[in-house]
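When we follow this note's numbering, the leftmost residue of the first sequence carries the number 611, and every step to the right adds one.
C-beta atoms are modelled at their ideal positions from N, C-alpha and C, and glycine is treated no differently.
Note that the coordinates shown come from a computational prediction; the quantities given were computed from them, not determined experimentally.
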Amino acid sequence: MLKLIESLQAAFRAHVKSQYDVKLDPIVAEYPPRLEFGELAFPLAFELAKKLKRKPRQIAQEIAERIPPIEGLVRLEPAGAGYLNVFLDRWWFLHREVKAQPISPETGKVIVEHTNINPNKAAHIGHLRNAVIGDSFVRQLRFLGYPVEVQNYIDNTGVQVADVVTGFIYLRKLALRNIEQISEKFDYYCWDLYAEVSQWYQSDTSRLEFRQRVLHEIENGHEPTASIAEYVSTKIVKAHLLTMNRIGVQYDLLPRESEILHLKFWEQAFNLLKERQAIQLEVQGPNRGCWVMKFGSLETALPESKIIVRSNGTVTYVGKDIAYQMWKFGLLAKDFGYQPFYTYANGHQVWMTTIKPTPQSPRFGSGSRVYNVIDARQSYLQKIVVEGLRALGFNQQAENSVHFSYEMVALSPRCCAELGIELTAEDAAKPYVEVSGRKGLGVKADDLLDRLLAKSREEVDRRGNFGDPAEASRNASQIAVGALRYFLARFSRNSVIAFDFQEALNFEGETGPYVQYSAVRANNIFRKLEEQDPNWERDVEELLGLRRAEDLSGPAQALLQDDTLWELILLAARVSLMVRQAVETLEISTLAKHAFTTAQKFNVFYHKHHILSEQDRRAKCLLLCVARKTRDSLVQMLDLLGIEVPEKM
RNA sequence: GCGCCCGUAGCUCAGUUGGAUAGAGCGUUGGUCUACGAAACCAAAGGCCGGGUGUUCGAAUCACCCCGGGCGCACCA
């Protein structure tokens, strides 16, 4: 499809240049709203009309009449106020498109950072959105041929971990060996403890001193605090990996803040920042004694400034983030040590940073493009990180630092009621409530998954497709994951999701299971066919060997004119263009939508044409050809969304 | 106060870097099961695209101004 569009654009560009001496760029191609307007439409006559001061319709007419014939077109038609509508030779197009088109590999490593959950409590629904967006994006980049490295940053020395550690030591008064014996789900236990500690501070703010002490002890490796912090954060990171693995999300590397500190990444970045005068020491004013970064254009009133190093000499989060971002681009001349952390059931290994390197570790970092999947609330800080790179003179790296921003997941009022959450009057008045770990307010990822699983298992059992409970369970899990991942992918990234169980637990209509079901139906056709006629592929190949549409049988020729089939071919042909668009605009939902539309059209096709009972051999092969192409593109799109196709549904 | 984002059918959302008659799903009403399984399909009802002004051959889309809502703007992360 892309090739066809490019050749049409070239033909139009050349024609317009020679006939009107006008250079048009770009030449926009559109998909007409209805098939009666053709397969592609070019509004270029509108552009020309402006330059030539003539009526667009007249120009469109003229071009349609005078342009030399183009391969693959049946006709070119002026329409509406001045469109040029393209009508394709269906057999010619189907012929080319049915063959899978290889994608050439790209060079330059892409680093995608996502998930980044504080290792102090269970993952919640907001983290799931991050991971689903990040992982789908990674899959799409890989589809386009990019080498991708997935990083999940672990802030194991921050306030949030310190809070839970404070809770263990000062509130629960537990030693490490007691903590190790906690039998309940550890991330859930910490979820409650974290909320409890926050309350505990609130009722007596002098208790915040405990937090300060703990924070300090973690940074300096003071025992037993440091070991407790290490135990807690590592155990929770493991829990997060398992939760995310349930929905098919895996990582390559877990870079930890502790190594950024201990390997003195910051020191080196700090020296460079000073050397290149990207930051200045404030000698007066409220920020006296701090190193600050100033940015913003000088023409506008006040330049903004951000504290990078506090007056007590410690570095802020943004400072550490600048150092980390520099490392990602290979600008730091330092590197982490790496150790294997966990091996997934599929054999893939996640590595974690350490101080001492493991001899044969893979190479990480040194990307040429970096995407940080972080929610929109951190836009300001992400902007500062990029400004930091710019201030250091790394303009190219600044250009290649992309904040993949998306909106948060909030809780709908109904959802809060269902969870038994009592809201303050202020919160109750809002259209939705922000998730808050500190308040213990939110839907835990594993809970949601369990509920989805229970519901899909019920559906699976009702249908009685499986004798083996293990198979039924696997099937139910694939469907539950499909529902969840599709639900989180279908919203455009700038819209806040007001989470609602009823919607998330739905398996009908615009949902993951709907798309999965279409793919399963398509597979069923081929499974049955395999029993009836194991040599069917030979017949289909023979059909595709026919050069001219006239060689098809009468019924097959008639089918070629059926828009139901034709639409499916067109949708399938657009898949790689959709992926490209999704990646360029950072909009995963584009692909989710396309998958749904394809599934919808397939279901129409499925109802209209009963393939296996088709008597005409050529017609049957044509139907099979369309069904196979559609199935392949559905499977492909689902895979790019991280959704598996169940065996039965 | 400043900055970013959102406002489209009863509800939840799409709307292809300005294009043809604004589309889905849920919900509602009424139809379709002889199994390539109905987790599906068909049909109906439902819209001053928050309001206004402008730019344009053309605006849900762009600009400006309002109105309503969300989120940021720490020597927290």
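Short Cβ contact (8 Å threshold) for residue i with residue j
i, j, result
"Thr-964", "Glu-829", "no"
"Ser-708", "Gly-858", "The identity of residue 708 in the sequence shown is Val, whereas the question assumes Ser. Cβ distance not < 8 Å, so Val-708 and Gly-858 don't count as in contact."
"Ala-839", "Val-925", "no"
"Leu-803", "Gly-777", "yes"
"Arg-1241", "Asn-1133", "yes"
"Phe-697", "Leu-654", "no"
"Arg-1103", "Ser-1015", "yes"
"Arg-979", "Val-720", "yes"
"Gln-890", "Val-902", "yes"
"Glu-732", "Trp-801", "The displayed chain sequence assigns Ala, not Glu, to residue 732. Cβ distance < 8 Å, so Ala-732 and Trp-801 count as in contact."
"Ser-1083", "Ala-1182", "no"
"Phe-905", "Glu-914", "yes"
"Ala-1205", "Met-1247", "yes"
Classification of residue i by the beta-carbon crowding that lies within 10 angstroms, buried from 16 upward
i, result
"Pro-643", "exposed"
"Thr-815", "exposed"
"Leu-908", "Since pLDDT at Leu-908 reaches only 41, below the 50 mark, its modelled position is unreliable, and the value read off the structure follows with that caveat. That one is exposed."
"Ala-911", "The pLDDT assigned to Ala-911 is 41, lower than 50, so where the model puts this residue is not dependable; a value taken from the coordinates is nonetheless given after this. Ala-911 comes out exposed."
"Gly-1074", "exposed"
"Phe-727", "Residue identity differs from the one stated: residue 727 is Ile in this sequence, not Phe. So Ile-727 counts as buried."
"Ala-1055", "buried"
"Leu-1251", "buried"
"Asn-881", "exposed"
"Tyr-927", "exposed"
"Gln-791", "exposed"
"Tyr-1127", "buried"
"Val-742", "buried"
"Val-756", "Checking the sequence, you will find Tyr at residue 756 rather than Val. Buried."
"Ala-1229", "buried"
"Pro-1144", "exposed"
"Gly-1003", "exposed"
"Gly-1119", "exposed"
"Leu-612", "exposed"
"Leu-650", "buried"
"Leu-751", "buried"
"Glu-1330", "Absent from the model: residue 1330. The displayed extent of the chain is 611 to 1259, so no value can be given."
"His-734", "buried"
"Pro-972", "exposed"
Residue from the options with nearest C-alpha to residue i
i, options, result
"Glu-819", "Val-769, Ala-955 and Leu-803", "Val-769"
"Lys-845", "Ala-1192, Ala-879, Phe-951 and Gly-1119", "Phe-951"
"His-1219", "Tyr-1124, Ile-1135 and Tyr-927", "Ile-1135"
"His-958", "Val-980, Val-996, Gln-890 and Asp-862", "Asp-862"
"Cys-1235", "Ala-785, Leu-704, Met-1259 and Ile-932", "Leu-704"
"Pro-666", "Tyr-693, Thr-1208, Arg-987 and His-1204", "Tyr-693"
"Ala-1029", "Leu-754, His-1013 and Gly-1050", "A quick correction: the sequence has Leu, not Ala, at residue 1029. For the residues Leu-754, His-1013 and Gly-1050, the minimum Cα distance to Leu-1029 belongs to Gly-1050."
"Ser-557", "Leu-650, Thr-767, Arg-1024 and Glu-759", "Because residue 557 is not part of the residues shown, which for the chain are 611 to 1259, the question remains open."
"Lys-660", "Phe-1117, Gln-1167, Val-632 and Gly-947", "Val-632"
"Thr-968", "Gln-949, Glu-806 and Asp-635", "Gln-949"
"Phe-647", "Arg-676, Ala-691 and Leu-1059", "Ala-691"
"Ala-986", "Gly-736, Arg-787 and Ser-617", "Gly-736"
"Asn-982", "Glu-827, Phe-652, Ala-1166 and Thr-725", "Thr-725"
Cross-strand partners of residue i (DSSP beta bridge)
i, result
"Pro-950", "Trp-961"
"Val-760", "Val-722"
"His-1204", "BP columns for His-1204 are empty, so no partner."
"Ile-984", "Ser-1015"
"Ser-915", "Lys-904"
"Ala-1192", "BP columns for Ala-1192 are empty, so no partner."
"Ser-1046", "Leu-1051"
"Leu-1021", "Val-1043 and Phe-1109"
"Val-1261", "Look at the range of the chain in this structure, 611 to 1259, and you will see that residue 1261 is not part of it."
"Arg-979", "Val-720"
"Val-925", "Val-919"
"Leu-683", "Leu-698"
(Q) Extract the residue ranges of the beta strand (DSSP E) inside the region 686 to 738, only unbroken runs of 3 or more that lie entirely within it. (A) 693 to 698 and 720 to 723
Q | Segments assigned alpha helix (DSSP H), at least 4 residues, entirely inside the region 1050 to 1084 | A | 1055 to 1073
Q: Could you tell me which uninterrupted alpha helix (DSSP H) segments, each at least 4 residues in length, are contained entirely in the region 814 to 896, listed from first to last along the chain?
A: 818 to 830, 835 to 856, 867 to 872 and 875 to 885
Q: Return the chain-ordered ranges of every alpha helix (DSSP H) run that is complete within the region 1082 to 1120 and spans a minimum of 4 residues.
A: 1111 to 1114
Q. Going along the chain, which unbroken runs of the alpha helix (DSSP H) with 4 or more residues stay wholly within the region 624 to 667?
A. 654 to 662
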